[in-house]
Ligand SMILES: [Zn+2]
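Numbering (this note's numbering), first residue to last: 4 to 259.
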């Protein structure tokens, strides 16, 4: 999912709410009976439905998508000014959210964006030529005029990811969304693949209210995590990716 809500608060995709409801069912004491259990389930699903009404159901610029057909263009290069800073890290119950100090910036042509936070999704959500990915990192940026930009890095299974390895032990045990300062610098540049070719399209936040007009930059080169790293992440967080959405005539630009 995400990028998350406009203020980059944690996303709560519908699928998670449904899963939470199912979990609730399994935890209802047997003596309360199946009727109470299913009432809990359907209440959860109804809340989920209402939260996803509007743009989430009817929007024509929704994310994620399957990037299947692209238009090759000479897009401006991505110029990163990222540096290692001490992060604040939160467990919001759906993902680990990492905020860094100021000074991490991305320039594309004459547009400047400030890195607000990054977080992960598993599975990845976005697809490339129908391929699904085990994980995605979303680096959420904002321009001085408030334009939202989500830079996405996708992961397959393979050699270990160094940044994730360092991050996994730092995830707060308590899923309360509180950001805690961690006195170990994190360099967001470590999230980037070596090659900086990218896809670009206009999409949305992937959680309610599914606000549209978000500029998506999807890195063409995919990174890797090990099955063990993935398992450790998934032992803390439930699946939190939204299903791919219809293109509705949108084109995806592709840089060299
Ligand atoms: Zn996200």
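Beta carbons: idealized from backbone N, C-alpha and C, even for Gly.
Asked, Found
"Residue 124 CB to nearest heavy atom of ligand 1 below 7 Å", "yes"
"Beta-carbon gap between residue 57 and residue 212 smaller than 8 Å", "yes"
"N-terminal and C-terminal residue of the alpha helix (DSSP H) that residue 236 is part of", "230-237"
"Close beta carbons around residue 255, own chain, < 8 Å, minus the five adjacent residues each side", "68, 70, 72, 73, 74, 202, 203 and 204"
"The stretch 174-190 contacting the stretch 139-155, beta-carbon criterion three pairs below 8 Å", "no"
"Residue 90 and residue 239 closer than 8 Å at C-beta", "no"
"Check: residue 209 C-beta below 7 Å from any heavy atom of ligand 1", "yes"
"Residue 141 Cβ short of 7 Å to ligand 1 heavy atom set", "yes"
"Three-state class that DSSP yields for residue 5 in the structure shown", "Confidence at residue 5 is low in this model, with a pLDDT of 47, below 50, so the placement of that residue is unreliable and no value is reported for it."
"Burial state of residue 84, where buried means 16 or more other Cβ atoms lie within 10 Å", "exposed"
"Of the listed residues 246, 95 and 117, nearest to residue 208 (C-alpha basis)", "246"
"C-alpha gap between residue 117 and residue 193, whole angstroms", "17 Å"
"Contacting residues, own chain, Cβ-Cβ under 7 Å from residue 197 (five flanking each side not counted)", "224"
"Alpha-carbon to alpha-carbon, residue 125 and residue 241", "8 Å"
"Extent of the continuous beta strand (DSSP E) to which residue 165 belongs", "No beta strand (DSSP E) holds residue 165; the alpha helix (DSSP H) holding it covers 165-170."
"Beta-carbon gap between residue 164 and residue 227 smaller than 8 Å", "yes"
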